[in-house]
Structures are given as structure tokens and as C-alpha cells.
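To keep things clear, I will list the structure first and then write my remarks on it.
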Amino acid sequence: MNKIVHFTYGLQRGGIETWLMHLAKHMDAAQYELVLAHHGEASCAIAADLRAAGYQIERLPSPRSPLSYWRSLTRFLADHGAIAAVHSHLNFAGIIMRAARKSGIPVRIAHSHVGPGLRTDGIVAGNYVSLTNRLFLSDRTLGIAASEQAAITLFGENWRALPDIQLMPCGIDFEEFRRRSHPGLRERLGIEAGRKVIAMIGRLSPEKNHALALRVMALLVEDDKPPCLLVVGDGPERAVLEDGIQRAGLGAHVMLLGERPDVPALLQEVADILVLPSLTEGSPLPLAVLEAHAAGIPCLVSDAIPRPLEGEVAGIRRLSLAGGAQSWAAQIREILLTRRGGSAESLEHSVYDIRSNARLLAAVYQQALSPESRGAVT
């Protein structure tokens, strides 16, 4: 059995961790032993789901102290014995690649999910990241990026000249959106019948631009039939967001739901539109947008999000952030009148299907782990 070790920042419901959880369900459990090494809190709500999906969960210390982190990282790799591949989802992938090479691990994957300018909440200093990536990122055997912008973030402007870089957007499990049996969810959330619902899903962090969403809501609550905003997710900006809601007098119109395991149900049974006014994103179709599309609800996203290489997708409208809250409020009003969304069928079996991701990665792992490739790896 081949042991694959994934490295992530923390364990949060949404983004990379949710993608990895769904990915495991479509990987051959007889071939792969999966380990997820993270740098977050010791206990997290999604940890049980990840274990159920097949992951062994390990926690690494903070990388803020480089020498101490290096010792912990190399000891961790040694303690795990024969590791077939390391798969880093970190912006400081260079240090992971160097430690894996020193440990004799044959397959070393650096995977970029983030767009330019994305903050990592100070987990490691920017200069340290730049230096270690410049020195050690070339120790990888393969680079993967969720988009062209994500490729630039980790591998540089000239990434196209690098022969090992592959583009692979993260996908979702569209099967989850075939199950529609969630009676009473609106009532349990306290949303009155007939009220329109705006959903915003993602980590509570500056790049998600919740501040604009609150300014938009301050305009929409003046309407005769004001909608409500459901904010799903958690993160470092929660206290700032709570303060903004209170200051704007939006307590009756904005609900902070935290991390939830029932996002498909919320989108299918409760939400009328998804908004994503992000300042930056690594993927052309972030997981929240894919989920909303599969649920059949329209999406309004910022033009800072990369455009899909395959062309625009029905039901997803782009809007410049330059127009401000007035422009976004007007677009939301218009979309709520028509509510023309997408469908799971239009993207199922595409590169945005988790099964496509699983097949591609299985092929990558198998090719890299072949005797011929092992002999060529240094």
C-alpha cells in the first residue's frame, strides 16, 4: 500500500480540507494509505469526517520558528516510515519539498490553490516563504495549480516554461446534490416563508470581502421585502464581522451560521442566490460556486476571480468590485427576480467533478511510483 501524506494549514470545513475529504472517497482504499498533516487546532469539527473518509490526522507545530519546524518536520517524516508521496497544499511548500527529498520520498507534489495576494494570517513570514520557495521548491517532482493565477502565486510568472506544472481545478461530488430531502430547514433557521435568502460561503477572512456584503445588505434592507444574508464559515474575521453587523443595525437581517456540514442542503432548500465578492481566489470556480451551481441557484461573483479556461458557465454572473455596494445591490435585486441558476448536469463529468480529480491524481501517483520513475527520481 502506498502512503500519501497531504500537508494543509489547518482543519476547516470548506476549501482544501473539504476537497480532500471528498477526494478520499473516490481513491482506491486498497492502494493508498492517506495521512493529513495540518498546522491548526488539535481538535476540529471536520476531523471526524476526515477520519471517516480514511485519513489519519496528524498535527505539526507552527512553522514560525524555522529551525524548530525543520527538526519536527524531518522527525515526522522519519517516524512515518516508507512514504510514497508528499502532497503539499501550502504556500510555504519549499521547505516541505526539501525535507521530503532529504528523507528519500520519491514523489513530491507542490499544489497551489490560492490567488495572488492571499494572506495566510501570519502563519509564516512572507520573506521566509519567498526564500525557502526560491531555494527548495525545485525539489518537487510535480507542480499542480488550481488555475493560471494560482500557478503564478507559487511557481512564478514564467510557470508555463516549467515542464512539470499541471493545471487542475478542484471539483465537487455532484452526487450530493441529487439527494433533496431536507424538510423544515428554513423553519429551523427562523427564516419566514417567502423571504429571499442570500448565501455567502467561505472562510471569514479579509480576502472574502464580507465588508462589501454588509454594505450591500445595508442598502437591501431598505427594500419593501428585504432579503436576509446567511454567512457560512468561520475564521479570523468573525469578531470584526459581528461588530460590523451590530454597528450597521443588521442583526435581524444577517445570520452567522459558522461551519456547517449541510451546505448542499442550505443551497438546495434555503438559498436563492450565492454572492462571492472576493478580492482574490485561486480557482476559477471556487467550491462554493460549484456547489451553488449544482444546487441550481444563481451566483454573483467578483471579477477578481479567475475566468474558467473552458469559458463562462451559465448561471454565474461576474461583477466588478469597482462599482461598489450600489452596483452589487442592484444586480442582486435583478437576479432575485429571475433566479436563473445552473444545474449539476452541466458540469458533471467535467474537470470540476471530484471523480475527474481522483482519476488524474491516481494516474499521477501511479506514474510517479512506477519502477521506471522511481529510478529516475533524485
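Those letters in the sequence shown? Residues 0 to 377, by numbering that gives the first Met the number 0.
Yeah, the Cβ is synthetic: ideal placement off N, Cα and C, and Gly gets one too.
Classification of residue i by the beta-carbon crowding that lies within 10 angstroms, buried from 16 upward
i           : result
residue 138 : buried
residue 115 : exposed
residue 280 : buried
residue 322 : exposed
residue 12  : buried
residue 336 : exposed
residue 366 : exposed
residue 226 : buried
residue 236 : buried
residue 105 : buried
residue 113 : buried
residue 0   : exposed
residue 27  : exposed
residue 66  : exposed
residue 50  : exposed
residue 126 : exposed
residue 192 : exposed
residue 294 : buried
residue 267 : buried
residue 100 : buried
residue 103 : exposed
Proximity below 8 angstroms, CB of residue i to CB of residue j
i           : j           : result
residue 108 : residue 290 : no
residue 76  : residue 98  : yes
residue 61  : residue 38  : yes
residue 218 : residue 330 : no
residue 86  : residue 3   : yes
residue 302 : residue 317 : yes
residue 36  : residue 57  : yes
residue 292 : residue 232 : no
residue 307 : residue 147 : no
residue 261 : residue 296 : no
residue 357 : residue 22  : yes
residue 378 : residue 275 : A query on residue 378 cannot be resolved here, the shown segment of the chain reaching from 0 to 377 and no further.
residue 145 : residue 282 : yes
residue 364 : residue 84  : yes
residue 229 : residue 265 : yes
residue 258 : residue 29  : no
residue 135 : residue 94  : yes
residue 34  : residue 90  : no
residue 52  : residue 96  : no
Alpha-carbon to alpha-carbon, residue j and residue i
i           : j           : result
residue 334 : residue 160 : 42 angstroms
residue 150 : residue 167 : 10 angstroms
residue 154 : residue 203 : 27 angstroms
residue 208 : residue 368 : 42 angstroms
residue 348 : residue 25  : 14 angstroms
residue 183 : residue 70  : 52 angstroms
residue 273 : residue 111 : 25 angstroms
residue 360 : residue 243 : 42 angstroms
residue 224 : residue 328 : 14 angstroms
residue 32  : residue 81  : 11 angstroms
residue 46  : residue 157 : 37 angstroms
residue 133 : residue 277 : 28 angstroms
residue 190 : residue 320 : 29 angstroms
residue 263 : residue 213 : 24 angstroms
residue 10  : residue 338 : 34 angstroms
residue 256 : residue 269 : 13 angstroms
residue 142 : residue 163 : 6 angstroms
residue 185 : residue 7   : 34 angstroms
residue 64  : residue 169 : 31 angstroms
residue 239 : residue 210 : 9 angstroms
residue 285 : residue 18  : 11 angstroms
residue 88  : residue 222 : 43 angstroms
residue 187 : residue 194 : 14 angstroms
residue 48  : residue 59  : 19 angstroms
residue 234 : residue 74  : 30 angstroms
residue 5   : residue 332 : 42 angstroms
residue 215 : residue 72  : 45 angstroms
- Segments of 3+ residues assigned as beta strand (DSSP E) that fall wholly inside the region 182-255: 196-200, 227-231
- Message: Which complete alpha helix (DSSP H) runs does the region 146-175 hold, if anything under 4 residues is left out?
- Response: 147-154
- Query: Can you list the beta strand (DSSP E) stretches of 3 or more residues lying completely in the region 21-52, in chain order?
  - Reply: 31-37
- Message: Counting beta carbon pairs with one atom in the region 249-261 and one in the region 307-325, are three or more of them shorter than 8 angstroms?
- Response: no
- Taking only runs that begin and end inside the region 95-120, name each unbroken beta strand (DSSP E) of 3 or more residues, in chain order. 106-111
- May I have a chain-ordered list of the alpha helix (DSSP H) segments no shorter than 4 residues that lie completely inside the region 255-338? 262-268, 286-294, 323-337
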